[in-house]
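Below is one structure, written out as structure tokens; the observations come after it.
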Amino acid sequence: MELGAKLSTNDEQAWKLIGLCALCIRFVQGWIFWGGGSRRFIYDPLKLDPHASEWMANKLQSAMPGALFDLSSVVGFLLQHFLILYTAIILFSLMELFSGLGLILGLFTRASAMVTVLVSLVLM
């Protein structure tokens, strides 16, 4: 009986450690994405200004030739249609902001984590 109790205590401690590691990863990932979204809306709004040199579409244009999964045609389409491009940049920034906040606060954690994975893949 003593050996079984010892194993369950070790297992319980291991699961607590795994949970603590997952919580740390969630907080770090949340702050990264919160920072990306809040930078555009709060700290550097020129990233959302089409007339500024810091505008987000400038990064899209420079990333187009090496786009992952051969998405250069999609990026080219966005660059040719301003209204769709601007809407996509705003939605992308809001997704970053709210998914980061969700991870930090623990709201809709799985959905927020999936959004951050998708945003990371798109950014590649």
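In my numbering, the protein residues as written are 315 to 438.
C-beta atoms are modelled at their ideal positions from N, C-alpha and C, and glycine is treated no differently.
Because the structure is a prediction, the values reported are computed rather than measured.
When the distance is taken between beta carbons, is residue j closer than 8 Å to residue i?
i	j	result
Leu392	Gly351	no
Leu417	Arg353	no
Ala371	Leu399	yes
Could you tell me if residue i is buried or exposed, where buried requires 16 or more neighbouring beta carbons within 10 angstroms of its beta carbon?
i	result
Phe287	For residue 287 there is no data in the structure shown, the boundaries of the chain being 315 and 438.
Gln343	buried
Ser322	exposed
Ser426	buried
What's the gap between the Cα of residue i and the Cα of residue j?
i	j	result
Ser367	Lys373	10 Å
Leu435	Met428	11 Å
Gln375	Gly390	8 Å
Using only alpha-carbon positions, find the residue among the options that is nearest to residue i.
i	options	result
Val345	Ser413, Tyr400, Gln327	Here residue 345 is Trp; the residue named in the question, Val, does not match the sequence. Nearest of Ser413, Tyr400, Gln327 to Trp345, Cα basis: Ser413.
Leu437	Leu334, Ile356, Met409, Leu421	Met409
Practice item. Tell me, please, whether the region 350-364 touches the region 397-409 by the rule of three or more beta-carbon pairs shorter than 8 Å. Key: yes
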